[in-house]
Every structure is written in C-alpha cells, then in structure tokens.
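Under our numbering, the letters of the sequence shown match residues 117 to 602, in that order.
Backbone N, C-alpha and C fix where the C-beta goes; we use that ideal spot for every residue, glycine too.
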Amino acid sequence: MINHPQPVKGAPRAGWRDANRHRKPLLLAGSMLLLIFVLAAGGFYYRITNTVDYTAVYINGQSVGTVAAQSDVEQLVQAKTKEAQAKYPNLEMEIDSSGLSYVKESGYKAQPQTEATLDKLDALLVPYAKGVEVKVNGNVIGIVKNEATAKAVLQQVKNKYAPPSRLKKPVQVKALSYSAATEAPSSGSRISQVKFVEDVQTEAVKTDPSNMMGQNQLYTKIITGSTQKTSYTVQKGDCVGCIAAKFDISPEVIYKNNPSVQDDLIKAGEVLDLTAQAPAVTVQTLESQVETIQTEPQVIIQKRDTMKAGETKVIQQGQPGIKRLTYKLVKQNGLMMSEELVGMEVIKKSVPKIVLSGTKVVVGEGSGDFIWPVSGHRITSGFGARWGRLHKGIDLVGGSSIKAADEGVVEFAGQKSGYGNVIIINHKNGYKTLYAHLSKISVSDGEVVEKGDSIGVMGNTGHSFGTHLHFEIHRNGNEQNPLKYY
117 MINHPQPVKG APRAGWRDAN RHRKPLLLAG SMLLLIFVLA AGGFYYRITN TVDYTAVYIN
177 GQSVGTVAAQ SDVEQLVQAK TKEAQAKYPN LEMEIDSSGL SYVKESGYKA QPQTEATLDK
237 LDALLVPYAK GVEVKVNGNV IGIVKNEATA KAVLQQVKNK YAPPSRLKKP VQVKALSYSA
297 ATEAPSSGSR ISQVKFVEDV QTEAVKTDPS NMMGQNQLYT KIITGSTQKT SYTVQKGDCV
357 GCIAAKFDIS PEVIYKNNPS VQDDLIKAGE VLDLTAQAPA VTVQTLESQV ETIQTEPQVI
417 IQKRDTMKAG ETKVIQQGQP GIKRLTYKLV KQNGLMMSEE LVGMEVIKKS VPKIVLSGTK
477 VVVGEGSGDF IWPVSGHRIT SGFGARWGRL HKGIDLVGGS SIKAADEGVV EFAGQKSGYG
537 NVIIINHKNG YKTLYAHLSK ISVSDGEVVE KGDSIGVMGN TGHSFGTHLH FEIHRNGNEQ
597 NPLKYY
C-alpha cells in the first residue's frame with residue numbers, strides 16, 4: 117500500500133495566490149475609471165447649472181449691450197410709448213423700434229448688463245408723433261396730426277375766398293354798375309371753380325411733437341403768409357395795370373396803398389407803395405357775375421318844318437328798359453385779376469322818347485342813338501367800381517378802326533394824361549363821347565363827323581396795359597354806363 121503525502125492544514129494554495137495577483141490591477145483600473153466618470157459627470161452638471169442665457173441688443177447694427185431677455189426691451193418700449201401718449205394725448209405717439217435687433221447668446225456664469233443696457237436704450241429710443249406735412253411747391257408749410265386735419269385746413273382756406281353758399285346759388289351783392297342819376301338794381305354772383313394756383317400736397321411723416329401745429333394755427337400761417345415791403349418808381353409810359361401785371365398783384369393793391377392815385381393818373385418819378393400781403397397759397401376762383409342795369413330809352417327826333425329852328429316838343433316820354441349783363445371774373449385770394457363780359461340779355465325793352473324838332477337843325481347834332489365804336493367788339497372791362505376805383509367807361513377790343521358813335525363835332529383831338537391819344541365828340545344834345553388810348557387820330561378839333569365815320573385807330577397809348585379802346589359816354593357832364601345805350 118502506497119501512502120500519498122497529505123497537504124498541511126492552513127497552508128495557502130498556489131492557484132489562489134496567482135488569481136489574486138492578477139485581480140488587483142483590474143480593480144484599481146475600474147476604480148479609477150469610475151472616479152473619472154463621476155468627476156466628469158459632476159463637472160458637466162456643474163457647468164450646465166451655471167450656464168446663463170442672455171440676449172445681445174443692437175440698434176441699426178451697432179451693439180448697445182446685453183439684457184436677460186428680449187422682453188425686457190419690449191417692456192421698455194411699451195412703457196415709453198405709454199408715457200409719451202400720456203404726455204401728448206391729442207397726438208398719435210410711437211417709439212421707433214424698427215432699428216432694434218436681437219441675438220440670443222449664453223455663457224458660463226454670464227452676467228447680462230440689463231439695467232445699463234436699458235438705460236442706454238431709454239436715451240436712444242426717442243418718441244415721435246405721427247403727422248402729415250402740408251407742402252406748397254415742395255416747401256413744408258406746417259405739420260398737423262393727421263390727413264383729415266390737413267384736408268380740413270386746406271378746405272378752410274378755400275372757403276375763405278369761396279364760401280360754400282356761393283358755390284350753390286347766386287348771392288345778392290351790390291351791382292358793379294354806377295350811375296350818377298340812378299342806382300342799378302342788385303345783382304348776384306356764383307363761383308363755378310375753386311383751385312390752388314400752387315402745387316399743394318400732403319405727406320405722412322414722423323416728427324418731434326414740438327413741430328406739430330393745431331388746425332387754427334396752420335390756417336392762420338397759410339392765410340397770413342409773408343409781407344415784403346416793395347416800392348416802385350414810375351417810369352415814362354407806365355400805367356397802373358402795367359405795373360400790377362409786372363409785379364403780379366391786383367391793381368386794387370396799388371389804389372389801396374396809394375390814395376393819391378386817382379383815375380389811373382400816375383406820373384414818371386412818382387414812388388408807389390406796392391407792398392402786398394402774400395398768403396402761402398393762392399386761391400383762384402372763376403366767378404359768374406350777373407348785373408342788372410337800366411337802359412336809357414332811345415331818343416327819336418322827328419323834324420317838323422312847322423316848328424322854329426331849335427324848338428323842341430316831347431310827344432312821347434321814354435321809359436327805361438332792363439338789361440342783364442353776365443361777366444366772367446377771375447379772382448385770386450379775393451382780388452380781381454381779370455373780367456370779361458360774356459353775356460347780355462334784354463329783360464325789358466325800353467320805350468323810345470319821341471321829340472319833335474324844328475327843321476333848322478344845328479350842324480353836328482346827334483340823335484342820342486349810339487352805335488358801337490368798334491366792329492366785332494368784345495368787352496374786356498365794364499363800367500363802375502373796379503379795383504377800388506370808378507372805371508368811367510368800358511374797354512373794348514375788336515376791329516382796329518374806331519368809329520364815331522353818333523353825329524357830332526370834335527371837341528378835342530390830342531393827348532390827355534392817362535388817356536394817351538384821345539378824341540372827345542360833342543353831340544350837341546347833352547351827350548359827349550370819349551375814345552382813348554388810340555394809336556392814331558384821324559380827325560381834328562372842330563371837325564363835324566357823321567355817325568360811323570372813322571376817327572382813329574385802336575392803340576395802347578397812355579395808361580394802358582394792352583391794345584384796346586377805352587370808351588366813355590357823358591350826359592350833361594355825368595359819366596354814364598355805355599351799356600345802357602345798346
């Protein structure tokens with residue numbers, strides 16, 4: 117029997133010793149990896165929990181600062197808008213935030229400068245008022261709060277010179293005609309067109325509230341306009357109408373500023389005050405002026421050889437007629453710029469006065485029945501008050517040859533101040549006729565002329581502002597409206 121040796125109790129086994137020797141490095145490596153993971157995870161978590169989101173703010177691309185959130189800026193804009201609106205309750209206020217832009221950013225323990233940035237924005241974001249500019253020929257006259265106010269102001273300006281009531285129906289006004297013997301009946305006018313001479317435009321704008329004007333303030337500025345003192349020394353050949361046209365003003369301004377100017381009479385060397393108020397806009401109206409006048413009865417002379425020379429007898433008293441005249445008037449800011457007779461209507465025919473006269477007729481005695489001194493005539497200015505003065509006759513254009521309106525004797529043929537070349541015919545029956553501004557005189561003093569005889573040529577001499585005939589009729593020394601006799 118063979119005996120094998122027994123292992124000693126308590127002695128280490130060789131296999132376990134080898135296993136332990138290899139396990140220790142693995143445990144150490146695992147511990148190190150676990151430690152690294154724990155540290156990394158902790159660091160990441162720490163960084164995440166300490167990362168701050170914020171917003172960078174820019175105006176027109178330029179950096180202003182940073183805020184915690186975009187809503188901080190939006191709240192500032194709302195607050196400033198509300199504050200501005202409370203300060204100017206009658207205006208529409210806004211903050212121009214169109215240039216603002218935002219970029220969202222984040223950073224470790226970042227500290228956005230919200231308060232400082234909002235302080236900067238508070239200074240940069242200026243409130244403005246929404247308004248409407250009124251421009252005249254491209255120049256800004258004023259700014260009002262909205263389009264409705266601008267239109268109301270412009271309409272108010274038009275209404276000053278063209279009241280709405282006159283756009284609808286004729287208004288009773290004093291007649292233009294004047295007669296030393298009889299006041300003409302009343303007449304009416306109607307405005308058919310109203311417009312601004314200048315280019316008037318409106319445009320929406322953003323402006324400082326201090327630039328805003330109220331409706332009445334802008335109206336007053338437009339109406340008042342500017343006044344520039346102007347004087348003019350009369351030159352040889354000047355006339356009131358010529359000077360008015362040269363300075364683009366109404367003759368009424370010259371008469372009003374220079375009381376010494378009477379009956380269009382001015383002389384070279386005289387200094388005239390032409391100062392005129394110039395509103396910011398010019399309101400031009402086209403008006404139809406209706407004037408009703410009395411017409412003088414025709415005088416019919418019946419010769420009787422049974423009566424002594426120079427003896428007369430009225431066998432039928434005449435009765436005046438009624439005639440309606442229509443003028444086209446152009447006015448600028450209420451001042452007359454031009455007028456033209458465009459219509460003549462007989463409302464009631466006159467009844468002629470019939471007079472018996474002895475056969476021995478005085479040479480050159482007229483009939484009292486006048487013909488037009490100009491063929492194809494057109495009336496460019498009527499009789500009566502014009503530009504603040506009495507226009508003693510009427511102005512005619514047409515054929516150049518001037519004819520005697522009735523038989524008579526030439527009382528004067530030459531030059532008179534203001535009239536230029538002028539002819540006066542005495543009709544030996546209380547009537548005289550005057551023909552002014554002629555370029556040529558074809559008769560001489562004392563010459564007897566028949567009705568219709570050529571006595572001169574139409575011209576532009578004296579105080580005249582265009583080739584025309586100034587024609588007057590006088591009765592017993594008093595100026596008459598020539599239109600009463602046609």
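Would Val-260 and Leu-381 be called neighbours here (beta carbons separated by less than 9 Å)? No, they are not a contact pair.
Whole angstroms is fine: what's the gap from Asp-212's alpha carbon to Gln-309's? Between Asp-212 and Gln-309, the C-alpha separation is close to 43 Å.
For Pro-243, name the three-state secondary structure that DSSP assigns. Of the three classes helix, strand and coil, the one that applies to Pro-243 here is strand, per DSSP.
Could you name the residues of the same chain whose beta carbon sits closer than 8 Å to that of Gly-247, not counting the 5 residues immediately before and after it, in chain order? Closer than 8 Å at Cβ, skipping near neighbours: Leu-207, Ile-259, Val-260, Lys-261, Asn-262, Ala-320, Val-321, Lys-322, Thr-323, Asn-327 and Met-328.
As an exercise, report each continuous beta strand (DSSP E) stretch of at least 3 residues that is fully enclosed by the stretch 466 to 530, in chain order. You should have 469 to 474, 494 to 497, 500 to 502, 505 to 507, 510 to 513 and 517 to 519.
As a quick exercise: from Gly-385, Thr-182, Glu-481 and Ser-366, pick the residue whose alpha carbon is nearest that of Ala-232. Nearest C-alpha to Ala-232 among Gly-385, Thr-182, Glu-481 and Ser-366: Thr-182.
Tell me whether Asn-537 sits in a helix, a strand or coil according to DSSP, three-state version. Three-state DSSP puts Asn-537 in a strand.
Evaluate contact between the stretch 586 to 600 and the stretch 362 to 374, counting only Cβ atoms and requiring at least three cross-stretch pairs below 8 Å. No: fewer than three Cβ pairs fall under 8 Å.
Inter-residue Cα distance where the pair is Ser-483 and Ile-510: In this model, Ser-483 and Ile-510 are separated by some 21 Å (Cα to Cα).
Classification of Val-219 by the beta-carbon crowding that lies within 10 angstroms, buried from 16 upward: Residue burial is scored here from C-beta neighbours: Val-219 has fewer than 16 other C-beta atoms within 10 angstroms and is therefore classed as exposed.
Span of the alpha helix (DSSP H) around Ile-338: In this chain, the alpha helix (DSSP H) harbouring Ile-338 covers 331 to 340.
Throw me the rounded Cβ distance for the Val-399 and Val-273 pair, which I believe falls under 8 Å. With a Cβ gap of about 6 Å, Val-399 and Val-273 count as contacting.
Measuring straight from C-alpha to C-alpha, what distance separates Gly-514 and Thr-265? Cα-Cα distance, rounded: 49 Å.
Can you give me the Cβ contacts of Lys-251 inside the same chain, cut-off strictly under 6 Å, excluding the 5 residues immediately before and after it? Excluding five sequence positions before and after Lys-251, the CB atoms of its chain that fall closer than 6 Å to its own CB belong to Gln-317, given in chain order.
Between Gln-433 and the rest of its own chain, which residues show a CB-CB distance below 7 Å, the 5 nearest in sequence each way excluded? If the five residues before and after Gln-433 are omitted, its C-beta is found closer than 7 Å to the C-beta atoms of Lys-469, all from its own chain and listed in chain order.
Quick check on DSSP: helix, strand or coil for Ile-382? Three-state DSSP puts Ile-382 in coil, outside helix and strand.
Checking the sheet assignment: what are the DSSP bridge partners for Arg-591? Answer is Tyr-547 and Asn-594.
Taking 9 Å as the cut-off, decide whether the C-beta atoms of Ile-589 and Leu-554 are in contact. Remark: C-beta atoms of Ile-589 and Leu-554 do not approach each other more closely than 9 Å.
On a Cα-Cα basis, can you pick out the residue from Cys-358, Gly-330, Val-446 and Ser-217 that is closest to Phe-312? Out of Cys-358, Gly-330, Val-446 and Ser-217, Val-446 has the C-alpha closest to the C-alpha of Phe-312.
7 Å Cβ shell around Ser-342 - same chain, five flanking residues per side excluded: Correct list, in chain order: Ala-394.
Is His-579 near Tyr-535, with beta carbons less than 9 Å apart? Tyr-535 is positioned such that its CB atom lies closer than 9 Å to that of His-579.
Rounded Cβ spacing between Glu-403 and Arg-505 (contact assumed at less than 8 Å): Between Glu-403 and Arg-505, the beta carbon gap of about 20 Å keeps them out of contact (Cβ cut-off 8 Å).
Take the Cβ of Gly-385 as the centre, count every other Cβ of all protein chains shown within 10 Å, and call the residue buried at 16 or more, exposed below. That one is exposed.
Reduced DSSP category for Gln-393 - H, G, I as helix; E, B as strand; rest coil: In the three-state DSSP reduction, Gln-393 falls in the strand class (E or B).
When the Cα of Glu-249 is compared with those of Lys-267, Leu-237, Leu-234 and Asp-238, which residue comes out closest? The residue from Lys-267, Leu-237, Leu-234 and Asp-238 with its alpha-carbon nearest to that of Glu-249 is Lys-267.
Nearest-angstrom Cβ-Cβ length linking Ser-366 and Leu-451, presumed shorter than 8 Å: The Cβ separation is near 4 Å, so the contact holds.
Considering only the alpha carbon of each residue, which of Asp-485, Thr-475 and Ser-281 lies closest to Val-467? Nearest neighbour of Val-467 by Cα position, chosen from Asp-485, Thr-475 and Ser-281, turns out to be Asp-485.
Inter-residue Cα distance where the pair is Lys-481 and Val-415: Looking at the sequence provided, one finds Glu at residue 481 rather than Lys. A straight line joining the alpha-carbon of Glu-481 with that of Val-415 spans about 13 Å.
Would you mind sorting Ser-214 into buried or exposed? The rule is 16 or more other CB atoms within 10 Å of its CB. Ser-214 comes out exposed.
Would Val-525 and Gly-562 be called neighbours here (beta carbons separated by less than 9 Å)? Result yes, Cβ atoms of Val-525 and Gly-562 sit closer than 9 Å.
Under the three-state DSSP convention, the category Tyr-204 falls into: Assigned with DSSP and collapsed to three states, Tyr-204 falls in coil, not helix or strand.
Per DSSP, the bridge partner or partners of Thr-349: Its beta-bridge partners are Val-387.
Who are the Cβ neighbours of Ser-295 in its own chain at under 7 Å, not counting the five residues just before and after it? Because the pLDDT of Ser-295 is 36, which lies under 50, any placement of that residue in the model is unreliable, and the question is left without a value.
Whose C-alpha, out of Ala-501, Asn-332 and Leu-512, is nearest the C-alpha of Gln-378? Measuring from the Cα of Gln-378, the nearest candidate turns out to be Ala-501.
Reference Val-189; option with closest CA among Tyr-170, Gln-201 and Glu-368: Nearest C-alpha to Val-189: Tyr-170.
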